[in-house]
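Novice: Quick note, the sequence shown lines up with residues 3 to 280 if you use the numbering used here. Every residue, glycine too, gets a C-beta built ideally from N, C-alpha and C.
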Amino acid sequence: MELTELERLRVEKLERLRAGGIEPYPRRVTRTHTIAEALVALEAAEAAGQEGPQVAVAGRVRSVRVMGKVTFAHIEDGSGSIQLFLRIQDVGEETYELFKQDFDLGDFVGAEGTLMRTRTGERSVLVSQIRMLAKAISPLPAIKEKEVDGEPVRYTTFSNVEERYRQRYADLASNPEVREVFRVRARTINALRRFFDEHDFLEVETPILQPVYGGAAARPFVTHHHQLHQDLYLRIAFELYLKRLLVGMYDRVYEIGHDFRNEGVSDRHNPEFTQLEF
Numbered sequence: 003m004e005l006t007e008l009e010r011l012r013v014e015k016l017e018r019l020r021a022g023g024i025e026p027y028p029r030r031v032t033r034t035h036t037i038a039e040a041l042v043a044l045e046a047a048e049a050a051g052q053e054g055p056q057v058a059v060a061g062r063v064r065s066v067r068v069m070g071k072v073t074f075a076h077i078e079d080g081s082g083s084i085q086l087f088l089r090i091q092d093v094g095e096e097t098y099e100l101f102k103q104d105f106d107l108g109d110f111v112g113a114e115g116t117l118m119r120t121r122t123g124e125r126s127v128l129v130s131q132i133r134m135l136a137k138a139i140s141p142l143p144a145i146k147e148k149e150v151d152g153e154p155v156r157y158t159t160f161s162n163v164e165e166r167y168r169q170r171y172a173d174l175a176s177n178p179e180v181r182e183v184f185r186v187r188a189r190t191i192n193a194l195r196r197f198f199d200e201h202d203f204l205e206v207e208t209p210i211l212q213p214v215y216g217g218a219a220a221r222p223f224v225t226h227h228h229q230l231h232q233d234l235y236l237r238i239a240f241e242l243y244l245k246r247l248l249v250g251m252y253d254r255v256y257e258i259g260h261d262f263r264n265e266g267v268s269d270r271h272n273p274e275f276t277q278l279e280f
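#1: Between which two residues does the beta strand (DSSP E) carrying ARG89 extend?
#2: With respect to the beta strand (DSSP E) encompassing PHE275, which residues constitute its N-terminal and C-terminal limits?
#3: Between THR36 and ASP79, how many whole angstroms is the CB-CB distance? I'm expecting something under 8 Å.
#4: Roughly how many whole angstroms lie between the Cα atoms of LEU5 and GLU95?
#5: Counting along the chain, where does the alpha helix (DSSP H) carrying ASP199 start and finish?
#6: Please classify THR276: is it buried, with 16 or more other beta-carbons within 10 angstroms of its beta-carbon, or exposed?
#7: How many angstroms separate the CA atom of GLU200 from the CA atom of ARG168?
#8: Please check the pair ARG254 and LEU204, which I expect to be a contact at CB under 8 Å, by giving their CB distance rounded to whole angstroms.
#9: Are the Cβ atoms of VAL206 and LEU247 separated by less than 8 Å?
#10: Once DSSP output is grouped into helix, strand and coil, what is the label at VAL93?
#11: Quick check on PHE105: does DSSP put it in helix, strand or coil?
#12: Roughly how many angstroms separate the alpha carbons of PHE198 and GLY259, rounded to a whole number?
#13: From the DSSP output, in three-state form, read off ASP173 for me.
#14: Taking 8 Å as the CB-CB cut-off, is ASP261 touching chain C?
#15: Closest to LEU142 by C-alpha separation, out of ARG64, ALA50, PHE223, VAL57, would be which residue?
#16: Please state whether DSSP places GLU257 in a helix, a strand or coil.
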């Protein structure tokens with residue numbers, strides 16, 4: 003695939019970093035706090051009447067504002083976002099110019115410094131060291147934040163539903179509410195497991211490839227086992243194998259897993275889906 007002009011510029015920056023002895027994809031990362039933990043640590047220090055602690059945080063660069071010898075940037079990890087406050091006298095002229103020229107939106111960076119609040123009250127890291135953790139070649143969709151009734155609201159150019167589904171990684175990176183859907187799903191499945199475990203059900207795993215499909219009225223996906231010279235089917239339900247376990251003297255069993263049905267596709271119906279049977 004041919005690179006876009008913006009991607010070529012980013013590749014040039016990557017090569018410039020390497021030529022300067024900087025590895026744009028280091029193997030080790032120093033991080034003492036997630037961003038959420040850093041914010042809690044700052045509030046705890048303020049409540050105790052102390053200065054903000056030293057932290058090392060890491061995240062994706064979301065915005066940059068260069069104001070002469072001072073730069074403000076926002077980074078984001080899976081737990082939240084925080085502002086980086088860079089001053090040329092703290093990080094040094096060479097590092098400051100490097101950040102301005104070769105760091106881009108979407109890059110993952112690591113920053114060390116002191117937690118503080120700016121004059122406007124924004125929680126920030128007064129940066130003493132900053133380094134590249136992963137150089138982004140393909141830019142993410144543009145995102146802007148605006149306060150509405152005191153709450154931050156995000157606006158993004160990445161709004162086409164079909165594009166969002168085809169590029170799920172970009173959708174997740176751009177929309178925190180979509181990431182929350184995945185977290186809710188995980189918590190729901192964990193809650194179901196706890197319920198059945200507490201009621202003495204045994205969680206089991208049944209075969210995905212089956213010689214006979216059944217348990218539901220659905221068209222299966224067909225594959226072929228070359229060693230056995232046999233057609234097999236991706237399961238459409240757990241039912242038949244769960245019943246065999248009942249015959250084997252397991253009184254209470256359940257399974258949470260994927261089933262596959264060779265049927266229509268819509269935003270509410272997918273050929274591969276998660277199902278619970280007990």
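Specialist: On the basis of the coordinates in this document:
#1: 82-89
#2: PHE275 -> beta strand (DSSP E) spans 274-279.
#3: That pair is a contact at about 6 Å.
#4: 32 Å
#5: Taken as a continuous stretch (DSSP letters only), the alpha helix (DSSP H) holding ASP199 covers 178-200.
#6: THR276 comes out exposed.
#7: When rounded, the distance between both Cα atoms is 39 Å.
#8: Right, the Cβ-Cβ distance comes to about 6 Å (below 8 Å), so this counts as a contact.
#9: yes
#10: DSSP places VAL93 within a helical segment (H, G or I) once states are collapsed to three.
#11: coil
#12: 15 Å
#13: helix
#14: Looking for chain C here will not work: only one protein chain is present.
#15: ARG64
#16: strand
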